[in-house]
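Residue numbers (this note's numbering): 15 to 598.
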């Protein structure tokens, strides 16, 4: 872990040097605090309890808060100078901030948010866009941009933001830090400016998973329970294949970490596109947009957010006539066209996706998806103004947002000098389970990510053997689901990549038997035996194929040899005895 941390800070150091280059190109100065803070302050925790009582859980930690959380005596700026100008200082401190201070942490300042906490890119026209410490020439992500930057630059131990459509998860991914969005409704929203009530959550950033978890224990206020390991880890293969960076490298690192910690029996592969089409049928109402199911889900999510944002703030916008980011102005025009039927349809989609996620994961399952579809856009990129970017950048975030579930973003190294990450999602209410799981998995995930990065740097990010293993695992999953033809296809792909594995031929033989392709099953089993003379399953499968083809003598010999290799094998014993009685 020490070498990994050193490598990360070396990369961050290189990033800091790169700021000078970026500064020349943009012809502006980078602030000492990376532009993360709008106001410095200090809220000190109460004295420690006397022994033998345990110290406060967050003792010694510092944190910052996005400028949407109320602090008694301070104006909450909401990312817009006109909002600050037209609002009075808060009369009390936000409940979650008070919980953290009472828990032993020191609050050191307020951080930049996108204009009215509505953006997703991190661009801030009023206060300047915070500089991404991990990739200075790239956007930091929003809406909680400053909070992510403050953690990434090591100014604080953790920070608070808000997340409706990805406001914590996207900047966590862009800045290369941990980011947690809890289940909707589990953390108090008192004393926080709302964006979209049915989507808003309080989220937090950290560099250390133990701190992420400790903050969760304070804010979630859940009773103590024994830690549970996941029994079902679902990897959305099609999502990783759709990325503009090496998704296979990430999914394979997760696969290896899960196998090492919990065993491969809990792994499952899923085509999320097909699953959502089947389980969330109301998405078909947007089918004319010819987009993926996650993009359609994000589209419905954005409709809800626009509608609820309008209800919360349109009156003030019309009265104050503030200088707004063009993205907000465009969204408000669209919000005026939203009908009650649109909203009803979005609520139907929300109910369907919540049910779909519950059925997929149950109480002890985790869905593994990318956090974002692309690496962070470049500073000043025109694309961030487009609706397409708004949808694309939070398409994967829509799963947790619309289902009400919880999600954690975990950094997984770099690609092309940009941070890349993976996300783990649990059903609504699975927050402590998810935080505990990440605490357990984090070191192994970083180890596997580092190995994958080194392999990528040598031009061999995914060896043929690794790709073959991935194809085999997909074949195994298809076999379990009785999709025999798909299984044959995956095993064939594995054989093409690595023709020296007896397991691949033997597994394909099993699928051929299920399809009634006995000649092909015999041939595959024979090839497996040629490669591994002690492959018991290959002898059993060849014996079964030969029995079905009428080669009874040869079948008996295969079953007998399987018994020689494994004397307690009941299947081999029963098959040999049955054939001997029929053909003495």
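The beta-carbon is built from N, C-alpha and C at its ideal position, and this holds for glycine as well.
Spatial neighbours of residue 361 within its chain, please: CB distance less than 7 Å, with the 5 preceding and 5 following residues excluded, ordered by chain position.
Answer for residue 361: no residue qualifies.
Spatial distance of residue 521 from residue 505 (CA atoms):
Spanning the two alpha carbons is a distance of roughly 7 Å.
Looking only at its chain, what residues have a beta carbon closer than 7 Å to the beta carbon of residue 250, apart from the 5 residues adjacent to it on each side?
The beta carbon of residue 250 sits closer than 7 Å to those of 284, 286, 381, 382 and 383, all from its chain and outside the five residues before and after it, given in chain order.
Kindly list the residues whose CB is nearer than 8 Å to the CB of residue 545, restricted to its own chain and excluding five residues on each side of it in sequence; keep chain order.
Answer for residue 545: 514, 515, 516 and 519, listed in chain order.
Expressed to the nearest angstrom, what Euclidean distance is found between the alpha-carbon atoms of residue 85 and residue 263?
Cα to Cα, residue 85 sits roughly 43 Å from residue 263.
Leaving out five residues on either side along the sequence, give the residues of the same chain with a beta carbon under 6 Å from the beta carbon of residue 315.
Sequence-distant Cβ neighbours of residue 315 in its own chain, meaning closer than 6 Å and more than five residues away, are 179, 412, 415 and 416.
Just to confirm the assignment, what range does the alpha helix (DSSP H) spanning residue 528 have?
Annotation for residue 528: the continuous alpha helix (DSSP H) segment containing it runs 516-529.
Skipping 5 residues on each side, what residues in its chain have a beta carbon closer than 7 Å to that of residue 212?
Leaving aside the five residues that flank residue 212 on each side, the residues in its chain whose CB is nearer than 7 Å to its CB run, in chain order, 318 and 322.
Fully enclosed by the region 205-231, which beta strand (DSSP E) runs are 3 residues long or longer?
At a cut-off of 3 residues, the continuous stretches assigned as beta strand (DSSP E) that sit fully inside the region 205-231 are 215-220.
Coarse secondary structure for residue 388, derived from DSSP in three states
In this structure, residue 388 counts as coil in the three-state DSSP scheme.
Assign residue 592 to buried or exposed, taking buried as 16 or more other Cβ atoms, counted over all protein chains shown, within 10 Å of its Cβ.
Residue burial is scored here from C-beta neighbours: residue 592 has fewer than 16 other C-beta atoms within 10 angstroms and is therefore classed as exposed.
Measuring alpha carbon to alpha carbon, tell me which residue in 73, 341, 160 and 197 is nearest residue 421.
Residue 421 has its Cα closest to that of 197, out of 73, 341, 160 and 197.
Can you list, in chain order, the residues of its chain whose CB lies under 8 Å from that of residue 114, leaving out five sequence neighbours each side?
The answer, listed in chain order, is 72, 77, 121, 174, 229, 232 and 233.
Residue 278, DSSP secondary structure in three states
Helix, per DSSP.
Determine which residues share a DSSP beta bridge with residue 437 and list them.
According to DSSP, residue 437 bridges with 383 and 423.
Beta-carbon proximity list for residue 209, same chain, < 6 Å, skipping 5 on both sides:
Once the five neighbours on either side are set aside, the close Cβ partners of residue 209 are 131, 178 and 323.
When 275, 252, 216 and 103 are compared against residue 461, the one with the closest alpha-carbon:
Checked all of 275, 252, 216 and 103; the closest Cα to residue 461 is 275.
Alpha-carbon spacing of residue 101 relative to residue 445, whole angstroms
Residue 101 and residue 445 have their alpha carbons spaced roughly 35 Å apart.
What are the boundary residues of the beta strand (DSSP E) that residue 489 is part of?
Per DSSP, residue 489 lies in no beta strand (DSSP E) segment; the continuous alpha helix (DSSP H) that holds it begins and ends at 478-494.
Which word fits residue 555, buried or exposed, when buried means at least 16 other C-beta atoms lie within 10 angstroms of its C-beta?
The residue in question, residue 555, is buried, as its Cβ has 16 or more Cβ neighbours within 10 Å.
For residue 392, I'd like the list of residues in its chain whose CB is within less than 7 Å of its CB, leaving aside the five on either flank, ordered along the chain.
Counting only Cβ-Cβ distances below 7 Å, and skipping sequence neighbours, we find 151 and 152.
Exposure of residue 345, with buried meaning 16 or more beta-carbon neighbours within 10 Å
Buried, by the Cβ-count rule.
Runs of 3 residues minimum, wholly inside the region 36-121: which ones carry the beta strand (DSSP E) assignment?
Contiguous beta strand (DSSP E) elements confined to the region 36-121 occur at 51-57 and 76-80, taking only those with 3 or more residues.
If residue 482 sits next to residue 508, beta carbons under 8 Å apart, how far is it from one beta carbon to the other, in whole angstroms?
The Cβ separation is near 4 Å, so the contact holds.
Cβ neighbour criterion (16 or more within 10 Å) applied to residue 596
Its Cβ having fewer than 16 others within 10 Å, residue 596 is exposed.
Residues that DSSP places opposite residue 193 in a beta bridge:
Residue 193 is bridged to 219 and 423.
Have a look at 248, 61 and 104 and flag the residue whose alpha-carbon is nearest the alpha-carbon of residue 373.
The residue with the shortest Cα to Cα distance from residue 373 is 248.
Residue 593 bridges to which residues according to DSSP?
Its beta-bridge partners do not exist; DSSP assigns none.
What would DSSP say about residue 412, mapped onto helix, strand or coil?
Residue 412: helix per DSSP, three-state reduction.
Tell me whether residue 321 sits in a helix, a strand or coil according to DSSP, three-state version.
Three-state DSSP puts residue 321 in a helix.
Whole angstroms are fine: how far does the CA of residue 331 sit from the CA of residue 98?
Residue 98 and residue 331: Cα-Cα distance of roughly 13 Å.
Helix, strand or coil for residue 339, going by three-state DSSP, please let me know.
Three-state DSSP puts residue 339 in coil, outside helix and strand.
Kindly indicate which three-state DSSP category residue 578 falls into: helix, strand or coil?
Taken through DSSP and simplified to helix, strand or coil, residue 578 comes out as helix.
Between residue 293 and residue 63, what straight-line distance do the alpha-carbon atoms span, to the nearest angstrom?
If I take the Cα positions, the gap works out to 52 Å.
Where does residue 177 fall in DSSP's three states?
Three-state DSSP puts residue 177 in a strand.
With H, G and I counted as helix, E and B as strand and the rest as coil, what does DSSP make of residue 248?
In this structure, DSSP gives residue 248 an extended state, which the three-state scheme calls strand.
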